[in-house]
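For the record, the sequence lines run as chains U and F. So in the working numbering, spot 232 of the first sequence is number 232, and the numbers just go up one at a time. In the working numbering, each number is its position in the second sequence, counted from 1, plus 271.
2 protein chains.
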Amino acid sequence: MNTTSGGRRRKKKQASVAVDGAGRIAEEIGSAIVAGVYKPDELVPGEIELCRRYGASRSVVREAFKLLSAKGLIASRRRTGTRARPREAWNTLDADVLAWRLKSGKAEPKFVFDVLHARAVVEPAAAAMAARSHTRATLAAIEEAFAEMERTAHDAALYADPDIRFHKAVLAATGNDVMIAFGALTEAALGMFVRIASRHPGAPGASLPLHRSVFAAIRRRDAEGAHAAMMALLERTSRNVERNVARSGGAASRKKPRGRRIVVDTRRALL
Amino acid sequence: MNTTSGGRRRKKKQASVAVDGAGRIAEEIGSAIVAGVYKPDELVPGEIELCRRYGASRSVVREAFKLLSAKGLIASRRRTGTRARPREAWNTLDADVLAWRLKSGKAEPKFVFDVLHARAVVEPAAAAMAARSHTRATLAAIEEAFAEMERTAHDAALYADPDIRFHKAVLAATGNDVMIAFGALTEAALGMFVRIASRHPGAPGASLPLHRSVFAAIRRRDAEGAHAAMMALLERTSRNVERNVARSGGAASRKKPRGRRIVVDTRRALL
DNA sequence: CACGGTAATATGTCTGACATATCGTCCGGC
DNA sequence: GCCGGACGATATGTCAGACATATTACCGTG
């Protein structure tokens, strides 16, 4: 069995949909849907056909369908089959859906900027909330992540993990369950930025001072300062991404805005 | 079959997890998990036990488990069974998870305010973005929803639907896929607010002028004005909810903050 | 006490069958 | 010729039973 590429395994922190048969199939079909292989309201292959294609039983295929339907990617009806749902129905903030949409090399630039704009809305506000609401424990988590960033500032591969931890720790320090839920967005975004940034040289540590400002403002309970510092950090990220996406961006979706470039004005995006 | 309470059916707009057997079971188990019946990392009943309990086959129970695992509520491992995951792992922005957590009468007040604060972060920013990015079509959608609100201002039951449409139309007018994904949060929140507000008298139309301000500012492409107007609208909502939740709030979670009331200062929450 | 083997157990997978809703088609009547 | 009901085809929905596999707990042996 396993007719496709063999053991591709993660080190740790596997996505919720992962290792077993149903997860594998869900990942393939899900990726295809977000990549536009199956257009909205278009039929995806039937259960029997997918059994044949993946060498799996119908139970497994059905379980994969349930995974995808829980994420808003498909909907099944008797007799008529299973159809891909339109983008508005997708659970865009779901970790898996985000990962599939931001998969290396295939992400459409428009969505990358949508994610950046959304982060520019949420994360500065979260930093401000964190400045007001942090506790000893949640502040320590931010500090720990920052310390690890300092230690790994020379190596982009090592830097990514504490960077993600830093941003998630800020969200956690808000104490707000909904804010914490954005961690998936930040994590997916940073994971992708690292991938596209790693194609170009340069030490990752350039963003260290900006992170330090965020941490310092939160520690001294300066909400306005934390907001501004996080915004500055995201502006830097935006400029980086803009530069890199411009040249390495999605080969698939170079359709409408031919000459016109997508403008990322993070400051105006928030207000 | 169907040993439990029979046909409870929705009129329209059913949640993604809905009508079939697996959806029914997922809804019950999912509700129980978010309600704290199964504590983090605690075992939920095994597949066989649930087969017995719901009079369903193991396939159906397993499909229900896949629905829940896709939403981050459970994780299964061989031999050890299936466990409820901790709150941080839940897909809090998922429409079903939100609906289960905000279910009438059972919502914990802390989470209700978390949702409000998050809306106070996202929706004013969305209004500002909508002011800049709206097109003829997306503006028309806002206008249509507002017109319907005016028409139904006398009846709280009829008012809820166009109110939700209004807020979702604003999100849609941003043209930002991530912002649009917040529609689930707004929808769940408004759906709940209507339920708790309907226990008290008063015409719903009091919020009409505030909605009008939002629409007017967006139409004239006044980003700052749209931001401020939406913020004012949410402040009003906060005051309403605060008043109502204070007296009708969750009977389950009256634990830590005994005398201290949860303060909803929306302005400071955003910055 | 340490260690290795073994049985018990819950999920993971497979198979084949039947149930049911729904679409397309065909046929007869008006 | 057009309309409407009957009927079969079809894809998902459900069921039942069996076996596979990983992991734990137990137990006996060195």
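Note that CB positions come from ideal geometry on N, CA and C, so glycine has one too. A quick note: this is a predicted structure, and the numbers were derived from the prediction, not measured.
Q: Output yes or no for whether 7 Å exceeds the beta carbon distance between F/A487 and F/R403.
A: Start at 1 with the first residue of the second sequence, and residue 487 of chain F comes out as number 216. Start at 1 with the first residue of the second sequence, and residue 403 of chain F comes out as number 132. No, the Cβ-Cβ distance between F/A487 and F/R403 is not below 7 Å.
Q.
Tell me which residues of the stretch 372-387 of chain F have at least one Cβ-Cβ distance to chain U shorter than 7 Å, keeping chain order.
A. F382, D385, V386
Q: Please list the partners that U/S59 has in chain F, where partner means a Cβ-to-Cβ separation under 7 Å.
A: The sequence position of residue 59 of chain U within the first sequence is 59, counting from 1. Simply S330.
Q. Quick one, which of U/L98, U/L233, U/R24 has its alpha-carbon nearest U/G191's?
A. Residue 191 of chain U sits at position 191 when you count from the first residue of the first sequence. Out of U/L98, U/L233, U/R24, U/L98 has the C-alpha closest to the C-alpha of U/G191.
Q.
Run through chain U and tell me which residues come within less than 7 Å of F/T363, C-beta to C-beta.
A. The residue labelled residue 363 of chain F in the question sits at position 92 within the second sequence. Near F/T363 (Cβ distances below 7 Å), the residues of chain U are D177, V178, A181.
(Q) Measuring only the C-alpha atoms, how far is F/K347 from F/A341? (A) What you label residue 347 of chain F is simply residue 76 of the second sequence in a count that begins at 1. What you label residue 341 of chain F is simply residue 70 of the second sequence in a count that begins at 1. In the sequence on display, residue 347 of chain F carries Ser and not Lys. Taken atom to atom, the span from the alpha-carbon of F/S347 to that of F/A341 is near 12 Å.
(Q) Less than 6 Å between C-beta atoms, sequence neighbours within five positions excluded: which residues of the same chain meet that for U/I164? (A) Against the first sequence, residue 164 of chain U aligns to sequence position 164. E187, L190, listed in sequence order.
Q) Any C-beta of chain U sitting closer than 7 Å to the C-beta of F/A522? A) Position 251 of the second sequence, counted from the first residue, corresponds to residue 522 of chain F. Any answer about F/A522 is weak, because its pLDDT of 45 lies below 50 and its placement is not dependable; what the coordinates show is given next. For F/A522, the answer is no, since every Cβ of chain U falls outside 7 Å of its Cβ.
Q) Excluding the five sequence neighbours on either side, which residues of its own chain have a C-beta within less than 6 Å of the C-beta of F/A431, listed in chain order? A) As a first step, residue 431 of chain F is located in the second sequence; it is residue number 160 there, counting from the start. Correct list, in chain order: V465.
Q. To the nearest angstrom, how far is it from the Cα of U/A229 to the Cα of F/L364?
A. Here residue 229 of chain U refers to the residue found at position 229 when the first sequence is read from its first residue. Here residue 364 of chain F refers to the residue found at position 93 when the second sequence is read from its first residue. In a straight line, the C-alpha of U/A229 is about 27 Å away from that of F/L364.
Q.
Suppose you measure from the CA of F/C322 to the CA of F/V305; what does that come to, to the nearest Å?
A. In the second sequence, residue 322 of chain F corresponds to position 51, counting from 1. In the second sequence, residue 305 of chain F corresponds to position 34, counting from 1. Roughly 21 Å between the two C-alpha positions.
Q. What are the partner residues of U/T82, as DSSP defines its beta bridges?
A. Position 82 of the first sequence, counted from the start, is the residue given in the question as residue 82 of chain U. DSSP lists U/S76 as partners of U/T82.
Q) Quick one: is F/K310 buried, meaning 16 or more other Cβ sit within 10 Å of its Cβ, or exposed? A) By one-based count along the second sequence, residue 310 of chain F stands at place 39. It counts as exposed.
Q) Taking 7 Å as the CB-CB cut-off, is F/E334 touching chain U? A) As a working note, residue 334 of chain F is residue 63 in the second sequence. By this cut-off, F/E334 is an interface position.
Q) Looking at the unbroken alpha helix (DSSP H) that takes in U/G183, where does it start and where does it end? A) Translated into positions along the first sequence, residue 183 of chain U becomes position 183. Counting along the chain, the alpha helix (DSSP H) containing U/G183 begins and ends at 183-197.
Q. What distance in whole Å lies between the Cβ atoms of U/N176 and F/H388, which are believed to be in contact at a cut-off of 8 Å?
A. Here residue 388 of chain F corresponds to residue number 117 of the second sequence, with the count starting at 1. Here residue 176 of chain U corresponds to residue number 176 of the first sequence, with the count starting at 1. With a Cβ gap of about 6 Å, F/H388 and U/N176 count as contacting.
Q) Would you say F/L338 faces chain U, with C-beta separation under 7 Å as the test? A) Numbered from its first residue, the second sequence carries residue 338 of chain F at position 67. Chain U contact via Cβ: present.
Q: Excluding the 5 residues preceding and the 5 following U/R221 in the sequence, name in chain order all residues of the same chain whose CB lies nearer than 7 Å to its CB.
A: The count along the first sequence starts at 1 and reaches residue 221 of chain U at position 221. Same-chain partners within the cutoff: A131, R132.
(Q) For U/V121, would you say it is in contact with chain F, using Cβ-to-Cβ distances shorter than 7 Å as the test? (A) On the first sequence, position 121 is the one that residue 121 of chain U refers to. Output row for U/V121: interface = yes.
Q | alpha helix (DSSP H) segment containing F/K337, residue limits | A | If you number the second sequence from 1, residue 337 of chain F lands on position 66. Start and end: 329-341.
Q.
Tell me the rounded alpha-carbon separation between F/D374 and U/T152.
A. Stepping through the second sequence from its first residue, residue 374 of chain F is reached at position 103. Stepping through the first sequence from its first residue, residue 152 of chain U is reached at position 152. The question names Asp, yet the displayed sequence has Lys at residue 374 of chain F. Those two C-alpha atoms are separated by around 45 Å.
Q.
Since U/L185 and U/V112 should fall inside the 8 Å C-beta cutoff, what is the C-beta to C-beta distance between them, to a whole number of angstroms?
A. As a working note, residue 185 of chain U is residue 185 in the first sequence. As a working note, residue 112 of chain U is residue 112 in the first sequence. Between U/V112 and U/L185 the Cβ distance is about 12 Å, and since that is not below 8 Å, they are no contact.
Q.
Need the endpoints of the alpha helix (DSSP H) that F/V386 sits in, please.
A. Looking up residue 386 of chain F in the second sequence gives position 115. First-last of the alpha helix (DSSP H) with F/V386: 380-404.
Q. Taking a cut of 9 Å between CB atoms, which residues from the stretch 309-322 of chain F lie near chain U?
A. Answer in chain order: no residues at all.
Q.
For U/F146 and F/K381, what's the separation of their Cα atoms in angstroms?
A. Position 146 of the first sequence holds residue 146 of chain U. Position 110 of the second sequence holds residue 381 of chain F. Rounded to the nearest angstrom, the two C-alpha atoms are 29 Å apart.
**Q.** Test: F/K439 CB closer than 7 Å to a CB of chain U
**A.** On the second sequence, position 168 is the one that residue 439 of chain F refers to. So, not an interface residue.
Q) Expressed to the nearest angstrom, what Euclidean distance is found between the alpha-carbon atoms of U/V19 and F/R372? A) Taking the first residue of the first sequence as 1, we reach residue 19 of chain U at position 19. Taking the first residue of the second sequence as 1, we reach residue 372 of chain F at position 101. Computed Cα separation, rounded: 29 Å.
Q: Taking 7 Å as the cut-off, decide whether the C-beta atoms of U/A126 and U/A64 are in contact.
A: As a working note, residue 126 of chain U is residue 126 in the first sequence. As a working note, residue 64 of chain U is residue 64 in the first sequence. Going by C-beta atoms, U/A126 is not nearer than 7 Å to U/A64.
Q | Contact with chain U by F/A500, beta-carbon distance below 7 Å | A | Locating residue 500 of chain F in the second sequence gives position 229, counting from the first residue. Answer no: the Cβ-Cβ gap between F/A500 and chain U never drops below 7 Å.
Q) For F/L479, which beta-bridge partners are listed by DSSP? A) Reading the second sequence from its first residue, position 208 is the one you call residue 479 of chain F. For F/L479, DSSP assigns no beta-bridge partner whatsoever.
Q) What residues match up with F/L314 in a beta bridge as DSSP calls it? A) What you label residue 314 of chain F is simply residue 43 of the second sequence in a count that begins at 1. Paired residue(s): F/R354.
Q) By DSSP, does F/G292 sit in helix, in strand, or in coil? A) Along the second sequence, one-based indexing puts residue 292 of chain F at 21. F/G292: helix per DSSP, three-state reduction.
Q. If F/H425 and F/G352 are in contact, beta carbons under 8 Å, what's the gap, nearest whole angstrom?
A. Along the second sequence, one-based indexing puts residue 425 of chain F at 154. Along the second sequence, one-based indexing puts residue 352 of chain F at 81. Contact flag wrong, Cβ pair sits at about 53 Å.
Q.
My assumption, with CB atoms under 8 Å, is that U/A172 sits in contact with U/I180. Please give the rounded CB distance.
A. Indexing the first sequence from 1 puts residue 172 of chain U at position 172. Indexing the first sequence from 1 puts residue 180 of chain U at position 180. Right, the Cβ-Cβ distance comes to about 6 Å (below 8 Å), so this counts as a contact.
Q) Hey, would you say F/A360 sits closer than 7 Å to F/V315, going by beta carbons? A) In the second sequence, residue 360 of chain F corresponds to position 89, counting from 1. In the second sequence, residue 315 of chain F corresponds to position 44, counting from 1. Against a cut-off of 7 Å, the Cβ pair of F/V315 and F/A360 comes out as no contact.
Q | CB contact flag (F/V331, F/G294, <7 Å) | A | One-based indexing of the second sequence puts residue 331 of chain F at position 60. One-based indexing of the second sequence puts residue 294 of chain F at position 23. In this structure, F/G294 does not lie closer than 7 Å to F/V331 by Cβ.
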